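Remarks on the structure that follows.
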Amino acid sequence: MTTHAPAATGLGRAGTPHYAVGSLVHARGREWVVLPGSTSELLVLRPLGGSTDDVAGVLPALETVRPASFAPPSPDDIGDQSAARLLRSALRIGFRSSAGPFRSLAGISVEPRPYQLVPLLMALRQETVRLLIADDVGIGKTVESGLIAAELLAQGEARGLVVLCSPALAEQWRGELRGKFGIDAELVLASTIGRLERAQLYGRSVFRPDRNYVVSTDFIKSPRHRDDFVKNCPDLVIVDEAHTCVSDTTTGVGKRQRQLRYELLRRLADDPTRHLLLVTATPHSGKEEPFRNLLGLLDPKLESISLDRETGRKELARYLVQRRRADIRDDFRDDAIFPRDRESLEVSYALHEDYRKLVERVISYARETVRDSSGGLQQRIRWWSALALLRSLASSPLAAAQTLRTRAANLDAVSEEEADAIGRAAVMDAAGDETMESADAVPGALLTAPVPEDDKGLSDEDLSDADADGSEKSARRRLLAMARQAQALAGPKDAKLAQLTKTVKGLLKDGYNPIVFCRFIPTAEYVADHLNAVLNPKRGQKTHAVEAITGTLSPDQRIARIAALTAEDPDGNPPPPRRVLVATDCLSEGVNLQDSFDAVLHYDLAWNPTRHEQREGRVDRFGQRTDVVRAVTLYGADNGIDGIVLDVLLRKHARIRKATGVSVPVPDESDNVMQAVLEGLLLRGEGIQGDQLALDFGTDSGLTGQRDDLHAKWQSAADREKASRSRYAQHSVKKEDVAREVAEVRAALGSGEEVGEFTRAALLALRGQDGPLAGEPNGFTMSTDGLPLAVKDAFHTVLGPKHPRPVPFHDTPVAPRGEVALIRTDSAVAALAQFVLDAALDPKLPDWERPARRCGVVRTNAVKKRTTLLLVRYRFQLALPTRTGETRDQIAEDARLLAFRGSPANPEWLSEEEASELLHARATGNTDPDRATAHADRIISGLGRIDDVLVARGTELAEQLLDSHRRVRGAVGAARRGLKVTPQDRPDVLGVYVYLPDDDAEMAAPAETTEGARR
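As structure tokens, then:
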């Protein structure tokens, strides 16, 4: 239902007037809108035209508050024909909340794709939001969860938000929340907790339920902080990479860490009123128990429900959204920004003869150490140390040298289980677990102490294998000898590095900007130094940007270094046109690199295909502007271990991905196969056959059986995954359910084209055509010189240190590399819109600071009869039913253009489309200033005659909004009882613009008076 709210309703306690929600009051020298939650003792106010950040509380008993009305335009303050367009755009662009059913869309800077609204609709169907968002890598799960968070906060269904993630991704999450959704969040990490605690009063928690946070999961899971966090946790929790928070068959330290995370989430989920979003691209690792534990966080009954029955699958579909890119293209016909294809290539190299001799020497040593053991703990330590030597030797000479000089981490292990856990973390490739933060450190060798770096006093004979007597001194000398030999192979004798150089140059020539992924820190630094030297051979002339990012850098430092690759230097010079990033797997998960890179080169093969997929997923994802991304795998043709990894793991994974459209995790048996390969090499002495450095499947029937068994289990898991995707696809939610409402919101708020037109026109008007910008086909070149201080400060953040700078405009928030997408919610655009609006309302400002005016008279051939265009602002009070059965009041604004022919006494009203067209009418003649003022005065003084029409139009808009809310709530099954949209009594007439026929002779004026009429 719709009614009209009066401005004030009687007296409150002690004779204080009670102001209705949505009414205008004057206090502190300006006008305010009364917000829900106000009482006669305390008024909650928002400045007229201001945002929620400007809300204030006012005590009428202590401050002067009086009813206010919005003054009509002054006929003495006349602008030109562009004034109406500027003012209307400033008003629309300035809106930060929508009166429609999606309250948050006006305040976000991301343009959601239709498929990204599906999780939002699913969330709105639930009384307490519990969702597992398991879309494929690169589809945009962060955007999907951010949309839900923004909407729940905007509707008041959640007071605060917390994101639980790895510390490496915390800064990125905070940036995404702030930049795309306007949500400011505090970082809570091991490095920030001290400062946060010192800022609190003694005994007070760092956390508050009504605040927003991004928190390190591993930091907050510790018993020291967990209880306080759970007690004060906000209403809405987003868990990133949620699959790492449930137990599996992991042993040792990894299992304990997962258990602690799960205990934390279990306690949070036990609160039935808490909203919980679990986000992961790999919800099911092939193990049923951890998958069921994950589902149980959403609803305990999901842990035991039968998913083989239709009823069970339908029940799960209420909580799970899981889609491939093919699903999006097939179901939504969406033109989302994804790469069209991923081109995968394999490039081989052959070892240099000297490198091959070192490999044989290392294998011989490793075989001796593994065999020379009586079993138990000592054998497990020796086993993993031998694998570490082989793994680092395959990576690079420098990684091998450092491993040979480093003490093994598991030498202090007290059990076989602990030795296996430490060894597995150092050698194998876990995906998506806590090992990611330290997995790029080189493993160590069998030493009671590190081998000294200084070997100058020892000759090659001193370091030979001839005196291998099994003593500690002998072992140290042999390791040092092999370290020296490895160090000498760096550079010309490294065929792998030579092939990399050739491949990277080919990628750059083809227009790609590649990321080179390495396994160990020394390898990444070695590769980056080499590429920097060969790609930038001339001193002082840098044609290619090359950087290395490893686990030695903090998460903040990693992000800063990535940004520096595409940033201007301190002197304002542009970055090199081509760039290469060399990284370890500290960047293989979660970090978005698609804006600056479009190719991946695997310098070191991962022993887990999921890790390869994570690497490639950094560039093959939503927002990538390159049609075809490229993935290159570098492998040793005469390195049999590389051959086994390719044949058994990587190529099988690629075939399954191509068939199913998703990445299916490799079963646990893959580790067994890899260990069987290495066991045959080290324990049985097989390998070194011909040109092979490892076992050949064709000569070992037992190994062949293991491989076939692994592939059979993997294929079975892939078949189940494919069936699962079909079972749980969200066919019940279609984009048509919300397309109309989203289109209406976007139309009311202004398109990207309008943002560009407004910004260009406003800046030009502030300083004139010879001022801060010069027009270009797709944007303008801009300097802040001479602009008002508020506008200058806002645009300094866009332009950076260099002036002038090209500023292009784009219809989407995703701009081509090196360019800026100034969108509606950009802080610079918002500041400009607010300045234009405020200046139009303040006639005391100098003329040059007022590009928009509230009044105008224009002669044009676009009309045949005098026509008046009105810019009217409406305010509505929304009564929105909540999940608890109560209603929540909110205030929303909308701006409309109304137009009529003739006089206010006898108006002939135009349609909305006809009214909008008047904004583009061009002046065809000069106007006499005095007669223009008279015409404007005649219309403005007669506005009282059309009050009823303006109020009636507000009622119509309220009915349309009510219908829109009902449609969306009906589509998602939300409550509609008590839903109301109430227009406030009198709308604000912001602008009055009179259009006169071109043949109106009495309005003609000499050309020299035109400027006076306009200003």
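If you count the sequence shown from 1, you need to add 407 to reach our numbering. The beta-carbon is built from N, C-alpha and C at its ideal position, and this holds for glycine as well. A quick note: this is a predicted structure, and the numbers were derived from the prediction, not measured.
Which of the three DSSP states, helix, strand or coil, is assigned to F614? coil
Provide the residue span of the alpha helix (DSSP H) that contains F636, from first to last. P630 to N639
Classification of L469 by the beta-carbon crowding that lies within 10 angstroms, buried from 16 upward: exposed
Can you confirm whether the stretch 661-672 touches the stretch 610-630 when touching is taken to mean that 3 or more C-beta pairs between the two stretches lie within less than 8 Å? yes
Taking the Cβ atom as the reference point for each residue, do Y1400 and L1244 lie within a distance shorter than 8 Å? no
Considering only their Cβ atoms, is the gap separating H682 from V550 smaller than 8 Å? no
Which residue's Cα is closest to the Cα of P899: V934, I1063, L886 and G1024? V934
Mind listing, in chain order, the continuous alpha helix (DSSP H) runs of no fewer than 4 residues lying wholly within the stretch 466-528? 490-501
D591 classed as buried or exposed, judged by whether at least 16 other C-beta atoms fall within 10 angstroms: exposed
Helix, strand or coil, according to DSSP, for A1299 in the structure here? strand
Across the stretch 579-595 and the stretch 504-517, are there enough close Cβ pairs to call them in contact, namely three or more that are closer than 8 Å? yes
Over what stretch of residues does the beta strand (DSSP E) that includes W439 continue unbroken? R437 to V441
Rounded to a whole number of angstroms, what is the C-alpha to C-alpha distance between T658 and A828? The pLDDT assigned to T658 is 49, lower than 50, so where the model puts this residue is not dependable; a value taken from the coordinates is nonetheless given after this. Their Cα atoms are separated by approximately 6 Å.
Put P899 into one of helix, strand or coil per three-state DSSP. coil
Status (buried if at least 16 other CB within 10 Å, exposed otherwise) for G1163: buried
Within this structure, are the beta carbons of G1332 and K1272 separated by less than 8 Å? no
Please classify V821: is it buried, with 16 or more other beta-carbons within 10 angstroms of its beta-carbon, or exposed? exposed
Per DSSP, G464 is paired with what? V451
As a quick exercise: from R778, R763 and V754, pick the residue whose alpha carbon is nearest that of K909. V754
What first and last residue would you give for the beta strand (DSSP E) that runs through H1009? A1006 to H1009
At the level of alpha carbons, what is the spacing between F1029 and D647? 18 Å
State yes or no: is the C-beta of E722 nearer than 7 Å to some heavy atom of the ligand MG? Annotation note on the ligand MG: not contained in the displayed structure, which lists no ligands.
Leaving out the 5 sequence neighbours to the left and right, which residues in its chain are closer than 6 Å to Y620 when beta-carbon positions are compared? V569, A592, E593 and V595
Could you give the DSSP three-state label for A1432: helix, strand or coil? Residue 1432 falls outside the range modelled here, since the chain spans only 408 to 1422, and no answer is possible.
Once the 5 residues before and after Q562 are set aside, which same chain residues still bring their CB inside 6 Å of it? R510
When the distance is taken between beta carbons, is A649 closer than 8 Å to L701? yes
If you reduce the DSSP assignment to three classes, tell me which class G1361 lands in. helix
Apart from the five residues on each side of it in sequence, which residues of its chain come closer than 8 Å, Cβ to Cβ, to D1406? none
Check the C-beta distance from L1012 over to T1040 and give it rounded, since I have them as a contact under 8 Å. 7 Å
With DSSP as the reference, label T1389 as helix, strand or coil. strand
Given that a residue counts as buried once 16 or more other Cβ atoms are within 10 Å of its Cβ, and exposed if not, what is Q964? exposed
Which of helix, strand or coil DSSP assigns to D1254: helix
Determine the direct distance from the alpha carbon of V472 to that of Y426, and round the result to whole angstroms. 10 Å
Considering only C-alpha positions, which residue in the set V440, A434, I645 and H433 is nearest to Q1297? V440
Give the single residue among Q579, L1305 and D1392 whose Cα lies nearest to the Cα of F1283. D1392
If we call anything under 8 Å between Cβ atoms a contact, is N939 one with T950? no
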